[in-house]
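Residue numbers (this note's numbering): 12 to 213.
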């Protein structure tokens, strides 16, 4: 209950977490495109130690990053509409799955950066590896916090949607009771008494 009330009062924090998460996806997309471009650049004469399956993974990474951008656009829409979007909480499930993927990716990024620095022990550290470690750590922390907060937000939103559906169902029942007559037959607003009796007889 404490977590739900905390998240419900700080919806702006969900926007910030989702925005930082979206920036990490864009950063990965740019990094992957740069890697692919450098692999086949004129300067490198198309020669690179990367194998075919490694290039395939890079292309797959681009596709997943593009899908991640779409997911983040949908999560922004879900945050904007709230319970007005009846299926908005299903978008959160997809977002949570994507966050798990991003956390695993950040762990790999930290491993690669740490290994690069360890291999160059005793010499000047590679600035690119340091950048990978710093941003990888920040994005990983953001992904973990986003996962925890959006799990709570999913429960809140699901409950709000359920309550709203129950209220609308109750209103529909009241309307049907008001328009129905003692005999159990509903009378249309535009139906004349003659048409009503004609319908009963026939």
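Just so it is clear, CB atoms sit at the ideal spot from N, CA and C, and this is done for glycine as well.
Using a C-beta cut-off of 8 Å, the region 91 to 106 makes no contact with the region 135 to 149, since fewer than three inter-stretch Cβ pairs fall below that distance. Within 10 angstroms of the beta-carbon of residue 164 lie 16 or more other beta-carbons, which makes it buried. No Cβ-Cβ contact shorter than 8 Å links residue 142 with residue 83.
Here residue 132 carries a coil assignment [DSSP, helix/strand/coil].
DSSP places residue 26 in the helix class (H, G or I) of the three-state scheme.
Counting along the chain, residue 79 sits inside the alpha helix (DSSP H) bounded by residues 63 to 92. Distances from the CA of residue 173 to each of 100, 153 and 114 were compared; the closest alpha carbon is that of 100. For residue 121, same chain residues with a beta-carbon under 8 Å away, outside a window of 5 residues either side, are 143, 144, 147, 148 and 151 in chain order. Listed in chain order, the non-local C-beta contacts of residue 89 below 7 Å within the same chain comprise 96, 99, 102 and 103, local neighbours out to five positions each way being set aside.
Here residue 166 carries a helix assignment [DSSP, helix/strand/coil].
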